[in-house]
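Worksheet for the structure shown next.
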Amino acid sequence: MLTLELLEKHISECRECVEAGKEDPKTLEFFLSLRHDLEHATPEDWAAYNELVDHLPEEDADPVLIILKGQLLIERLVRKFILSRLPNPEVFEKTQFTAAHCNAIAESMCLKNEEPEWLWKQVKELNSIRNKLAHNLDYESIEPRVNSFVSTIANAQNLENRTITSAISRLYGMVKGLCDLSNSNDFRAFKI
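Our numbering puts the sequence shown at residues 38 to 229.
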């Protein structure tokens with residue numbers, strides 16, 4: 038489990054490796070950026086970050102496993118987002134909605150703006166890819182679609198790391214941000 042103290046230790050070790058020419062300076066930049074992002078993190082932010090780190094496989098893992106686990110992590114956040122806005126969430130929790138149903142419900146709770154529309158399109162695409170993989174043993178047949186998904190997210194979000202792990206992590210962070218917003222008084226599910 039990552040904490041600021043552990044992150045500081047990693048930063049110190051990474052800095053030494055960079056100075057010795059044993060590590061890419063971009064790795065240190067990543068750790069410093071992560072520390073900046075997490076300095077004012079809430080306990081919920083830490084829990085979400087650690088959930089992602091604990092469950093999303095590393096970039097060199099089987100891409101099918103990355104997609105399956107990544108989609109499940111995002112689906113959990115989508116359900117959390119929906120539950121946060123319902124006056125009687127127990128009814129929703131008792132119903133066996135599919136991920137596609139949850140995505141449609143969550144999207145319908147957002148204003149029709151470019152950013153949430155883009156986000157939900159990518160979340161739905163990940164779910165669609167996951168469904169294809171669940172019924173197909175041949176990853177190679179779906180690999181072009183996965184590559185297109187990663188490229189779409191990497192290009193739109195200016196990601197340097199163009200991997201399925203980084204694309205899913207970015208979506209996870211965006212849905213987490215929507216969950217955070219939904220718990221604030223600034224969130225509106227409809228125009229006033």
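Even glycine gets a Cβ: it sits at the ideal position worked out from N, Cα and C.
Helix, strand or coil at residue i according to DSSP, with G and I counted as helix
i	result
H73	helix
A57	coil
D211	The question names Asp, but residue 211 in the sequence shown is Met. M211 falls in the helix class under three-state DSSP.
N220	coil
T200	coil
T40	coil
Beta-carbon spacing of residue i, residue j below 9 Å
i	j	result
I103	I179	no
L75	V212	no
E81	D217	yes
R182	I201	no
S219	F129	no
Among the options, the one whose alpha carbon lies nearest that of residue i
i	options	result
L110	P124, L89, S121	L89
H138	S188, L170, V160	V160
T79	G107, L105, P62, L41	L41
R52	A143, I119, F67	F67
S185	H172, R199, E45	R199
A193	A143, L215, V101, K158	K158
Buried/exposed call for residue i, threshold 16 Cβ in 10 Å
i	result
S221	exposed
S70	exposed
R116	buried
I229	For I229, the pLDDT reaches just 46, beneath the cut-off of 50, and the residue's location in the model is therefore unreliable, leaving the point undetermined.
G107	buried
P62	exposed
L148	exposed
L123	exposed
E45	exposed
Interface flag, residue i vs chain B, CB-CB below 9 Å
i	result
L105	No chain B is present in this structure, which holds just one protein chain.
4 or more residues per run - each alpha helix (DSSP H) lying fully within the segment 94 to 123: 100 to 122
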